[in-house]
Every structure is written in C-alpha cells, then in structure tokens.
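Novice:
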Amino acid sequence: MSFNVQDFVREADDQLRRYADHAARFRDLAGDTDRQRNELTARLAVARTQIADAVLPDLSEPSFAGLAQKIGIPELMGILRRSREHETRLDTRIAAIEATDTYRDRETIRGRAEHQLEEVRPLLEHALSDLRALDSLPRMRELVARNYGTPSYPHRGVLRYFKREFLDDWKRADEACAALKVAAFPEVAARYRDRQEQAEVLGRTVRDLDQQLQIIADQEGERAHLLATKAALPDVLRLETGKRVASLLQSSPKLIQSLDFPETLQGRLREMDGLEHQVEYLQSLRVKVEQDAAEVEERAAKLRGERDRYQSNLYRYRNKSFSNDQFDKRFRRDARYDKLYTRYRRTGDTVYVFSDYNRPSALESFLWWDVITDGRLDGNFIPQVQEYAAAHPEYQYDRSVFAESPGGNSSGDSGDFGNFGGPSDRFGSAGDFGDNS
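Following my numbering, the numbering of the sequence shown begins with 2 at its first residue and continues without gaps.
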C-alpha cells in the first residue's frame with residue numbers, strides 16, 4: 002500500500018496534534034513534580050529544625066557552647082555569632098529608617114500629599130486633554146513654533162504668497178481658528194502655550210507628590226521586610242544548626258549516644274535523610290520529563306517542517322509516494338510517550354507520598370530508592386541510583402528485610418504500580434525508558 006503527499010499532510014496534522022498533547026502532558030507533569038519537590042523541601046527544612054530542637058534546649062549562647070563542646074563542633078558558635086551579627090545589622094537599619102523625618106511624620110506627609118493629589122490630578126488631566134485636542138489640529142506644533150500670526154513669523158511681505166509653506170500655514174491656521182472659534186491664530190497659540198505650561202507645572206507637582214508617597218511606601222516596605230527577616234532569624238538559626246549537626250551525626254553515628262533522646266534523634270536523622278533523597282529523586286525525574294518534552298517538541302518541529310514543505314507546493318510533489326514502511330517510521334510511533342507518562346507519574350507519586358522512614362532502621366547500608374519504591378520501580382534514570390548500582394554490582398533488594406513499619410506509608414503493593422523492573426533488571430540503562438528513535 003502506498004500513500005501520496007495529501008495523505009502525508011493529513012497524517013502529519015494528526016500526528017502534530019498528538020505530539021502537542023504529549024508535550025503538554027509532560028510539561029504539566031514537570032510542574033506537578035516541581036510542586037511535590039517544593040513541598041518535600043519544606044518538610045526537609047522542618048526535619049532539620051527538629052534536629053536542632055532535639056539537641057538544643059534553647060538558642061542561648063550557653064546552650065550552643067555546651068553542644069559544641071559535647072559533640073566537638075566549635076563552628077556552631079560561629080553559626081550563632083553570624084546570626085547575632087545579622088540581627089544587629091537589621092536592628093541598626095530599622096532604627097535608621099525610624100529616625101528619618103519622612104518616616105516619623107509619614108502619616109502627616111501622606112495625608113497632605115494625598116489631599117493635594119486629589120485637587121491637582123483633575124487639573125492636570127484637563128490641561129493634558131486640552132493639549133491633546135490642540136495637538137490633533139494639523140500642523141499645530143509647527144505653527145506655534147514658527148510664531149505664525151506674529152512679527153516673528155519668517156514669511157513676510159508680498160512674496161510670502163508665492164511660498165508653499167506659507168500657503169499651507171495660512172490654511173491650517175484658519176482651520177484652527179475656525180475649530181476653536183477665535184478671530185486670530187495668536188489666540189490659539191497663546192492657549193496652546195498656556196496649556197503646555199499648565200501641564201508642565203502640574204505634572205511636576207504630581208510627580209513630586211507621588212515621589213513623597215513612594216518614599217514613605219519604600220520605607221514602610223523595607224522596614225516590614227527587615228522585621229520579617231528578624232522574626233525568621235531563630236528558625237534560620239535552627240535550620241542551619243540542624244543541618245550542620247545532622248551532617249556530623251550522619252558521618253559519626255556513635256556521637257548520637259552521647260546526646261539526650263538518641264532514639265528520637267535517630268528517627269529525625271532517618272527522616273531527614275529520606276527526605277533529602279526524595280527531593281533529589283524528584284529533581285532527577287523532573288529533568289527526565291523535561292528532556293522527553295523537549296524531544297517531543299523537536300520531533301514535532303521536524304515533522305512540521307516536512308509537512309509545510311509538501312503542503313506549500315502540492316503540485317510539485319504530486320507524484321511523490323510513501324510506502325507503508327515509510328509512513329510507520331514517520332507516524333504511529335508515539336505510543337511509548339503514553340507509557341512513559343504513566344511511568345513518570347507513578348514514579349513521582351510514589352516518591353512523593355513515601356513517609357515510612359523507619360523501614361531501613363535495621364540496616365547499615367541500603368539504597369533509599371528501593372526502600373521508597375519497595376523495589377518495584379526502575380530507577381535507571383536517577384544518577385544516584387546508577388552510581389550505587391555501579392559501586393555495588395552484587396546488590397539485590399530483598400523486600401522481606403524491609404518490613405513496613407506500623408502506620409508507615411510506603412510505595413503500595415505491586416497491584417498499585419506494577420513491577421517496572423525486578424531485582425534483575427532495575428538497573429538497566431537509561432535507554433530502557435523507551436526507544437529514542
């Protein structure tokens with residue numbers, strides 16, 4: 002069976018619509034993945050601050066000094082010092098704003114400026130409206146600039162009647178006088194210059210008053226931002242402290258036993274570690290989805306160019322034909338994008354909803370990807386999973402070792418997500434996600 006160019010164009014139109022749908026779905030999925038990642042990032046920040054809360058009774062200098070000595074991190078005092086210095090800088094700037102005459106008298110200045118603007122703006126609008134009406138008259142600016150109708154006008158004497166410019170000016174000046182119902186053009190020019198001056202003076206007044214209001218708004222806005230930043234400093238301090246303490250405890254887990262409530266602390270560390278991996282996995286997923294969206298759009302652009310070439314000159318290509326094989330290579334090959342979308346969507350949702358951070362507690366070494374997905378999803382597009390597989394060629398995930406903890410939320414059973422790669426093939430190449438031809 003063969004197809005002609007018109008068949009090609011019709012099939013291309015249909016294929017381009019499908020490509021557009023695939024690209025839109027991938028872009029939407031990338032946006033959803035971003036939102037999921039942002040939510041987990043916020044949860045990660047909370048987990049880090051909770052670690053700080055677990056090791057510090059408060060944010061005082063003695064508490065920091067005691068913790069720094071106990072676990073051997075003198076730099077904790079540096080974190081506290083920088084936070085205090087930041088607070089001092091904020092207080093200094095806030096005080097400087099509050100000390101200005103503009104800020105101190107802002108309500109009086111604002112009330113006066115707003116009242117004056119209520120009076121001046123209508124006058125300015127009237128002057129500008131009149132000026133626009135005058136400007137709409139033919140050659141108005143040129144007539145005023147050349148001082149038509151006054152001794153300063155350049156064309157004088159009998160010879161002016163033989164000059165085209167004078168004759169045009171004469172005609173336009175008479176039209177302006179008739180439109181404004183005045184006897185002579187100097188009256189028109191006087192009105193024009195008066196409106197120009199009004200617009201300039203009133204415009205300058207409005208700009209000055211607006212500037213006064215803007216200065217007040219800027220000061221109030223900056224002060225509000227500084228106060229909000231100051232109010233957030235304790236949380237920022239807890240976050241930075243928790244992040245640094247967690248890093249040390251992860252590299253030296255024996256130190257946990259020297260702290261109060263070690264089991265609680267271990268749980269917080271596992272949660273933070275799991276969240277860090279979830280965020281990383283979702284970021285890698287988003288990159289892969291964006292890549293596939295770009296691939297679809299690239300294919301669409303190539304097909305669109307070929308279709309347009311044929312469509313623009315059907316007569317020239319009237320004898321061109323395509324075999325069924327050729328059609329199959331150009332069209333009907335996008336079914337894999339539906340499969341990829343389903344896989345990506347399930348992968349993202351699985352990573353996002355996981356919260357059973359106690360599952361790996363019994364093991365020294367494990368791969369978070371397998372714990373999060375219960376070994377059911379292929380992670381070959383995740384760089385960290387690929388690196389782990391390369392470093393541990395004998396690694397096999399044993400689902401029975403990672404029993405779901407009571408109340409935990411793991412990836413669900415295989416009926417929910419399907420087996421996208423068992424132990425023998427979960428670490429295939431990234432190309433396993435689909436043929437890129």
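Ideal Cβ placement from N, Cα and C applies to all residues, glycine included.
May I have the straight-line CA-CA distance separating Ala25 from Glu291, to the nearest angstrom?
Specialist: The count along the sequence shown starts at 1 and reaches residue 25 at position 24. The count along the sequence shown starts at 1 and reaches residue 291 at position 290. So the two alpha carbons sit approximately 11 Å from each other.
Novice: Within the continuous beta strand (DSSP E) that includes Asn325, where are the two ends?
Specialist: As a first step, residue 325 is located in the sequence shown; it is residue number 324 there, counting from the start. Where Asn325 is concerned, there is no enclosing beta strand (DSSP E), although the alpha helix (DSSP H) it sits in stretches over 325 to 331.
Novice: Distance check for Arg122 and Arg142, CA to CA, integer angstroms please.
Specialist: Numbered from 1 along the sequence shown, position 141 holds the residue referred to as residue 142. Numbered from 1 along the sequence shown, position 121 holds the residue referred to as residue 122. Whole-angstrom Cα-Cα distance: 25 Å.
Novice: Residues in the same chain with beta-carbon distance under 7 Å from Ala180, minus the five sequence neighbours each way, listed in chain order, please.
Specialist: For this step, residue 180 is matched to residue 179 along the sequence shown. Leu138, listed in sequence order.
Novice: Short check: CB of Ala13 to CB of Arg308, under 8 Å?
Specialist: For the purposes of this step, residue 13 is taken as residue 12 along the sequence shown, with counting starting at 1. For the purposes of this step, residue 308 is taken as residue 307 along the sequence shown, with counting starting at 1. For Ala13 and Arg308, yes; Cβs fall inside 8 Å.
Novice: Would you give the residue range spanned by the alpha helix (DSSP H) that Phe186 belongs to?
Specialist: Within the sequence shown, numbered from 1, the residue matching residue 186 stands at position 185. From DSSP, the alpha helix (DSSP H) with Phe186 extends over 186 to 252.
Novice: If you count every other CB in all the chains shown that lies within 10 Å of the CB of Gln37, and 16 or more means buried, which is it?
Specialist: Locating residue 37 in the sequence shown gives position 36, where the first residue counts as 1. That one is buried.
Novice: Starting from Asn1 and walking both ways along the beta strand (DSSP E), at which residues does that stretch end?
Specialist: Outside the shown range of the chain, which is 2 to 438, sits residue 1, and nothing can be said about it.
Novice: Leaving out five residues before and five after Leu234 in sequence, what residues of the same chain have Cβ atoms less than 7 Å from its Cβ?
Specialist: Taking the first residue of the sequence shown as position 1, residue 234 is located at position 233. Around Leu234: Ser84, His87, Glu88.
Novice: Output the distance between the C-alpha atoms of Glu40 and Leu283, rounded to the nearest integer angstrom.
Specialist: The residue given as residue 40 occupies position 39 in the sequence shown. The residue given as residue 283 occupies position 282 in the sequence shown. Using only the alpha carbons, I get a separation of about 11 Å.
Novice: Just tell me which of Ser322, Thr351, Arg300 has its CA closest to the CA of Arg332.
Specialist: Taking the first residue of the sequence shown as 1, we reach residue 332 at position 331. The sequence given here has Phe at residue 332, not Arg. Looking at the Cα atoms, Arg300 is the closest of the given residues.
Novice: Skipping 5 residues on each side, what residues in its chain have a beta carbon closer than 7 Å to that of Thr348?
Specialist: The residue labelled residue 348 in the question sits at position 347 within the sequence shown. So the list reads Leu286, Leu378, once near-sequence residues are dropped.
Novice: Of the residues Arg271, Ser259, Cys178, which one's Cα is nearest the Cα of Gln51?
Specialist: As a working note, residue 51 is residue 50 in the sequence shown. Looking at the Cα atoms, Arg271 is the closest of the given residues.
Novice: What does the alpha-carbon distance come out to for the pair Gln220 and Arg90?
Specialist: For the purposes of this step, residue 220 is taken as residue 219 along the sequence shown, with counting starting at 1. For the purposes of this step, residue 90 is taken as residue 89 along the sequence shown, with counting starting at 1. If you take the alpha carbons of Gln220 and Arg90, they lie about 16 Å apart.
Novice: Taking the beta carbon of Asp371 as the centre, do at least 16 other beta carbons fall within 10 Å, making it buried, or is it exposed?
Specialist: Along the sequence shown, one-based indexing puts residue 371 at 370. Classification for Asp371: buried.
Novice: With respect to the alpha helix (DSSP H) encompassing Ser3, which residues constitute its N-terminal and C-terminal limits?
Specialist: As a working note, residue 3 is residue 2 in the sequence shown. Segment 3 to 5 is the beta strand (DSSP E) holding Ser3; no alpha helix (DSSP H) there.
Novice: Does the distance from the C-beta atom of Ala31 to that of Ala294 stay below 8 Å?
Specialist: To locate residue 31, count along the sequence shown from 1; it is residue 30. To locate residue 294, count along the sequence shown from 1; it is residue 293. Yes, these two residues count as a Cβ contact at 8 Å.
Novice: What did DSSP end up calling Ser322 once you bin it into helix, strand or coil?
Specialist: The residue given as residue 322 occupies position 321 in the sequence shown. Here Ser322 sits in strand by DSSP.
Novice: To the nearest angstrom, how far is the alpha carbon of Tyr345 from that of Arg205?
Specialist: Translated into the one-based positions of the sequence shown, residue 345 becomes position 344. Translated into the one-based positions of the sequence shown, residue 205 becomes position 204. One C-alpha to the other measures close to 59 Å.
Novice: Work out the CA separation of Trp369 and Glu62 for me, nearest whole Å.
Specialist: Along the sequence shown, read from residue 1 onward, the residue named residue 62 stands at position 61. Along the sequence shown, read from residue 1 onward, the residue named residue 369 stands at position 368. For Glu62 and Trp369, the distance between alpha carbons rounds to 37 Å.
Novice: How about Glu223 and Ile98: do their beta carbons lie closer than 8 Å?
Specialist: Reading the sequence shown from its first residue, position 222 is the one you call residue 223. Reading the sequence shown from its first residue, position 97 is the one you call residue 98. For Glu223 and Ile98, yes; Cβs fall inside 8 Å.
Novice: First and last residue of the alpha helix (DSSP H) that includes Thr265?
Specialist: To locate residue 265, count along the sequence shown from 1; it is residue 264. Taken as a continuous stretch (DSSP letters only), the alpha helix (DSSP H) holding Thr265 covers 263 to 312.
Novice: For Ala114 versus Gln213, is the C-beta spacing smaller than 8 Å?
Specialist: Mapped onto the sequence shown, residue 114 falls at position 113. Mapped onto the sequence shown, residue 213 falls at position 212. Yes, these two residues count as a Cβ contact at 8 Å.
Novice: For Leu135 and Arg196, which I take to be in contact (beta-carbon distance under 8 Å), what is that distance rounded to the nearest angstrom?
Specialist: On the sequence shown, residue 135 is found 134 positions in, with the first residue counted as 1. On the sequence shown, residue 196 is found 195 positions in, with the first residue counted as 1. Yes, Leu135 and Arg196 are in contact; Cβ-Cβ is about 7 Å, under 8 Å.
Novice: Taking Ala19 as the reference, which of Phe367, Glu298, Asp33, Gly79 has the closest Cα?
Specialist: Taking the sequence shown and counting its residues from 1, the one referred to as residue 19 is at position 18. According to the sequence displayed, residue 19 carries Arg and not Ala. Looking at the Cα atoms, Glu298 is the closest of the given residues.
Novice: First and last residue of the alpha helix (DSSP H) that includes Pro63?
Specialist: Start at 1 with the first residue of the sequence shown, and residue 63 comes out as number 62. Start and end: 62 to 72.
Novice: What residues in its chain sit with their C-beta under 7 Å from that of Tyr323, if we drop five residues either side in the sequence?
Specialist: Along the sequence shown, one-based indexing puts residue 323 at 322. Per the sequence shown, residue 323 should be read as Phe rather than Tyr. Only Ser3, Phe4, Phe9 meet the Cβ criterion.
Novice: Identify whether Asp29 lies in helix, strand or coil by the three-state DSSP scheme.
Specialist: What you label residue 29 is simply residue 28 of the sequence shown in a count that begins at 1. In this structure, Asp29 counts as helix in the three-state DSSP scheme.
Novice: Under DSSP, the alpha helix (DSSP H) around Ile373 begins and ends at which residues?
Specialist: Sequence index remark: in the sequence shown, residue 373 carries index 372 (1-based). 369 to 374 is the span of the alpha helix (DSSP H), which, as asked, contains Ile373.
Novice: Do you know how far the Cα of Asp35 is from the Cα of Gln327?
Specialist: The residue you call residue 327 lines up with position 326 of the sequence shown. The residue you call residue 35 lines up with position 34 of the sequence shown. When rounded, the distance between both Cα atoms is 39 Å.
Novice: Less than 8 Å between the CB atoms is what I'm expecting for Ala177 and Phe186, so what's the real figure, rounded?
Specialist: The residue you call residue 177 lines up with position 176 of the sequence shown. The residue you call residue 186 lines up with position 185 of the sequence shown. About 6 Å separates the two Cβ atoms, so the contact holds.
Novice: By the DSSP assignment, the alpha helix (DSSP H) with Leu138 in it spans what residues?
Specialist: Along the sequence shown, one-based indexing puts residue 138 at 137. Segment: none, Leu138 is in no alpha helix (DSSP H) and carries neither H nor E.
Novice: Taking the alpha-carbon positions, what's the Tyr162 to Leu168 distance?
Specialist: One-based indexing of the sequence shown puts residue 162 at position 161. One-based indexing of the sequence shown puts residue 168 at position 167. Each residue's Cα considered, the two are about 7 Å apart.
Novice: Within 10 Å of its beta-carbon, does Lys164 have 16 or more other beta-carbons around it, so buried, or fewer, so exposed?
Specialist: Taking the first residue of the sequence shown as position 1, residue 164 is located at position 163. It is exposed - the Cβ of Lys164 has fewer than 16 other Cβ atoms within 10 Å.
Novice: Out of Arg157, Asp102, Leu249, Gln16, state which residue places its alpha-carbon closest to the alpha-carbon of Lys71.
Specialist: Locating residue 71 in the sequence shown gives position 70, where the first residue counts as 1. Ranking Arg157, Asp102, Leu249, Gln16 by Cα distance to Lys71 puts Leu249 first.
Novice: What's the C-alpha gap between Lys182 and Arg107?
Specialist: In the sequence shown, residue 182 corresponds to position 181, counting from 1. In the sequence shown, residue 107 corresponds to position 106, counting from 1. Cα-Cα distance, rounded: 49 Å.
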